[in-house]
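Residue numbers (this note's numbering), protein chains in the order written: chain P, 1 to 309; chain F, 1001 to 1302. Each residue gets a CB set at the ideal place from its N, CA and C atoms; glycine is no exception. Below: one structure, written as structure tokens.
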Amino acid sequence: MTDRHLLSGTEPDLARDAGHPEPPPRVGFFTDTSVCIGCKACEVACKEWNAIPQDGLSLTGMSYDNTQGLGASTWRHVAFIEQQKPQVPAPDGRTRLPLVEAESDPSDGAGGELRWLMSSDVCKHCTHAACLDVCPTGSLFRTEFGTVVVQEDICNGCGYCVPACPYGVIEQRPSDGRAFKCTMCYDRLGAGQEPACAKACPTESIQFGPLDELRERAALRVDQLHAAGVDDARLYGHEPDDGVGGDGAFFLLLDKPEVYGLPPNPVVTTRDLPTMWKHAGAAALSLAGGLAVSFALPALLGEKRKGTR
Amino acid sequence: MVPHTEFESYYGRPVIKAPSWAARDIAGYFFLGGLAGAGSVLAAGAQLTGRPRTATAMKVSSLAAVSLSAAALVHDLGVPSRFPNMLRVLKPTSPMSVGSWLLAGYGPAAGAAAVTAVSGRLPRVGAAATATAALLGPAVASYTAVLASDTAVPAWHGAHRELPYLFAASATAAASGMALLLGPTHESAPARCAAALAVGAEEVATRAAERRLGMVAETYRQGRAGNLLRAARLLTATGATTGLLLGHRSRPAAVVGGLALLAGSACTRFGTFAAGVASAEDPKYTVAPQRAAANSSDEAAS
Chain P
1 MTDRHLLSGT
11 EPDLARDAGH
21 PEPPPRVGFF
31 TDTSVCIGCK
41 ACEVACKEWN
51 AIPQDGLSLT
61 GMSYDNTQGL
71 GASTWRHVAF
81 IEQQKPQVPA
91 PDGRTRLPLV
101 EAESDPSDGA
111 GGELRWLMSS
121 DVCKHCTHAA
131 CLDVCPTGSL
141 FRTEFGTVVV
151 QEDICNGCGY
161 CVPACPYGVI
171 EQRPSDGRAF
181 KCTMCYDRLG
191 AGQEPACAKA
201 CPTESIQFGP
211 LDELRERAAL
221 RVDQLHAAGV
231 DDARLYGHEP
241 DDGVGGDGAF
251 FLLLDKPEVY
261 GLPPNPVVTT
271 RDLPTMWKHA
281 GAAALSLAGG
291 LAVSFALPAL
301 LGEKRKGTR
Chain F
1001 MVPHTEFESY
1011 YGRPVIKAPS
1021 WAARDIAGYF
1031 FLGGLAGAGS
1041 VLAAGAQLTG
1051 RPRTATAMKV
1061 SSLAAVSLSA
1071 AALVHDLGVP
1081 SRFPNMLRVL
1091 KPTSPMSVGS
1101 WLLAGYGPAA
1111 GAAAVTAVSG
1121 RLPRVGAAAT
1131 ATAALLGPAV
1141 ASYTAVLASD
1151 TAVPAWHGAH
1161 RELPYLFAAS
1171 ATAAASGMAL
1181 LLGPTHESAP
1191 ARCAAALAVG
1201 AEEVATRAAE
1211 RRLGMVAETY
1221 RQGRAGNLLR
1231 AARLLTATGA
1241 TTGLLLGHRS
1251 RPAAVVGGLA
1261 LLAGSACTRF
1271 GTFAAGVASA
1281 EDPKYTVAPQ
1291 RAAANSSDEA
1301 AS
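Listed below in structure tokens is the structure:
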């Protein structure tokens, strides 16, 4: 018995196992948030290329981020995090905006410099994708590039993928009922082009390419940042043996994942499915057994009563 | 142990997306599916032990419940006209796919059982249909727990070992309530016994789930979910006690007990549903347990 588990763990031959006989190398995104300038060009390019409807104009008041999060009509989302941090050396290439005086706000006990973290979030195209696993229609499928795509003409709007996603990415469009998310520009990939967001990114914060290559590049970048004194730099979603089998879109973050609205330790929901089915089977048997007992008991008691008479 | 302390999030916004399902449709479906499934087992038992009126009543109630539940499912789809797409594939990794096929087998069997029982025609077909419905019934009643727990919703996923038993017990309570309500009192002994067993099992499953869930268990105790689940406990306990003590001699008592059991089961399903939604909407229930898991695996590694 090997350690290989079909529903979780490492999966080196993703596209082939999904039924593509001669797949191209698996591709993905490496989003290096340390060079993101929060221009939201990726959001706009994504909307334009994929012809995604607007989600309305609203000011959230929570930060400069008025998009709030990924959703059915937002497939790239740039988070803006404002924090008060004690003196952090600025990494090379990071744009420093003279927003406020560098002195600390006396009312804030933490003190230190105000900094902005910006990060362009996207569907993670998980190796073990819960949305794909739970879709009852086969509308979600694994492409030859190893990405996860929804077929709009098959989705019947059951909404199961929505709570199944451990990252909160996929969503139903209220006006339509069907579920939508990033396709990693499947149409562009097929034509040998890079996705619209990566193409539009002016700082190469969003990098697109073969996943193996991106992982190497990311490891170098983290080392570089650590050498420059940015101790908080870390990769997120790059490990092929994490809870979702590694992400097809992974990130370099400058703080804990939850600060960016990302789950710290996501697990593909179907990892526990064998246990669930086992317990459901046992519960079904207990239901039948319990009712059998309920029929047997009165009969036995009735017999006894008759016997004693 | 999950520390109940501060957690960080992106301006308090949820990490996962809460289910967009309408409570009336999906929690209603959980309740109706349970009522139908357990009801078919009760009907078969009643038929085998010579309780014909209860048997027929339960067959009719199962058909009605499964028809309503299918209507609720289709109603909740974003594109109802594409419901047949559910039967394009059979995927064991998708509890909803498994459930659709289960319903496709169970529904017609429950229908045939009810129609033959009411019309009195084709007794052999009726017996076969009754047996098929009774075999598939427990699966229909308990798979919905897998449907809920195979999600990233903390209150459901965290209780994935206990929810099937809770759902099976709640289904038994609903079906025995229906039997008390519709069946004659001299046939109701098994239903009264089943209701008592169900109440006990529900209590055990709930406690086990709350223990395992740690801080996430508070989503089952607070707000709308807490109110519904407290009502559920009160109603099922009242229903089972009334049925057990008075159900065999007083018809009104049996009716009251039956109604209380049905209402209690519905409250259990709506309460569980509400707890799931509440746990998905607050990022702390996603972040805190995951952060604790990440920290403990880091410690193990170092």
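By the rule that beta-carbons nearer than 9 Å mark a contact, F:T1241 does not touch chain P.
For a cut-off of 8 Å, the C-beta gap from F:S1188 to F:G1034 is around 19 Å, too long to register as a contact. Look at P:E113 here: in three-state DSSP terms it is strand. Around P:L252, no beta-carbon contact reaches into chain F at under 9 Å, the shortest distance being about 17 Å. Annotation: the continuous alpha helix (DSSP H) that includes F:F1270 extends over R1251 to E1281.
The segment 1224-1242 of chain F and the segment 1144-1152 of chain F do not touch, with fewer than 3 CB-CB distances between them shorter than 8 Å. Taking a beta-carbon distance threshold of 9 Å, P:S205 does not count as an interface residue toward chain F.
The C-beta distance from P:H128 to P:G19 rounds to 16 Å, too long to fall under 8 Å, and the pair is not in contact. Three or more Cβ pairs closer than 8 Å define a contact, and the segment 70-80 of chain P meets that threshold against the segment 39-56 of chain P. With fewer than three CB-CB distances shorter than 8 Å, the segment 266-280 of chain P does not count as touching the segment 292-301 of chain P. By the rule that beta-carbons nearer than 9 Å mark a contact, P:Q193 does not touch chain F. Following the DSSP letters along the chain, one finds F:F1167 inside the alpha helix (DSSP H) bounded by residues L1163 to L1182. The alpha-carbon separation between P:D187 and P:Y167 amounts to approximately 24 Å. Look at P:P210 here: in three-state DSSP terms it is strand. In this structure, F:G1099 keeps its C-beta atom at 9 Å or more from the C-beta atom of F:S1062.
P:A79: not part of any alpha helix (DSSP H); member of the beta strand (DSSP E) spanning R76 to K85, first to last residue. Residue pairing by DSSP places P:Y236 opposite P:F251 in a beta bridge.
The alpha-carbon of P:C201 is positioned some 10 Å away from that of P:S120. Per the Cβ contact rule, the segment 247-257 of chain P is not in contact with the segment 61-71 of chain P (fewer than 3 Cβ pairs under 8 Å). Inside the segment 1092-1170 of chain F, DSSP marks no whole beta strand (DSSP E) run of 3 or more residues. Residue contact check for F:F1083 against chain P: a CB pair falls below 9 Å. In this structure, the straight-line span from the alpha carbon of P:P266 to that of F:S1297 is close to 13 Å. For F:A1174, the closest alpha carbon among the candidates F:Y1010, F:L1073, F:V1255 and F:L1135 is that of F:V1255. If the five residues before and after F:M1058 are omitted, its C-beta is found closer than 8 Å to the C-beta atoms of G1039, S1040, L1042, A1043, A1046, A1175, M1178, A1179, L1182 and G1183, all from its own chain and listed in chain order. For F:F1030, the enclosing alpha helix (DSSP H) covers residues A1023 to L1048. Contact annotation: in the segment 48-62 of chain P, residues whose CB is within less than 9 Å of a CB in chain F are T60 and M62. Counted as a single uninterrupted DSSP element, the stretch harbouring P:D176 is not any beta strand (DSSP E), since DSSP gives it neither H nor E.
Judged by beta-carbon spacing, F:A1070 lies beyond the 9 Å limit of F:F1273, meaning their Cβ atoms are not closer than that value. With contacts defined as CB atoms closer than 9 Å, F:A1155 and F:A1275 qualify as a contacting pair.
If you draw a straight line from the Cα of F:G1050 to the Cα of F:E1210, it comes to about 41 Å. Contacts between P:N265 and chain F, judged by CB atoms closer than 8 Å, involve Q1290, R1291, A1293, A1294 and S1297 in chain order.
Here the alpha carbons of F:I1016 and P:K40 stand approximately 22 Å from one another. Taken through DSSP and simplified to helix, strand or coil, P:Q172 comes out as strand. In the DSSP assignment, F:L1063 falls within the alpha helix (DSSP H) that extends over P1052 to D1076.
Residues are counted here when their Cβ sits less than 7 Å from a Cβ of chain P; for the segment 1041-1055 of chain F these are V1041, L1042, G1045 and T1049, given in chain order. Rounded to whole angstroms, the gap between the alpha carbons of F:R1082 and P:N50 is 24 Å.
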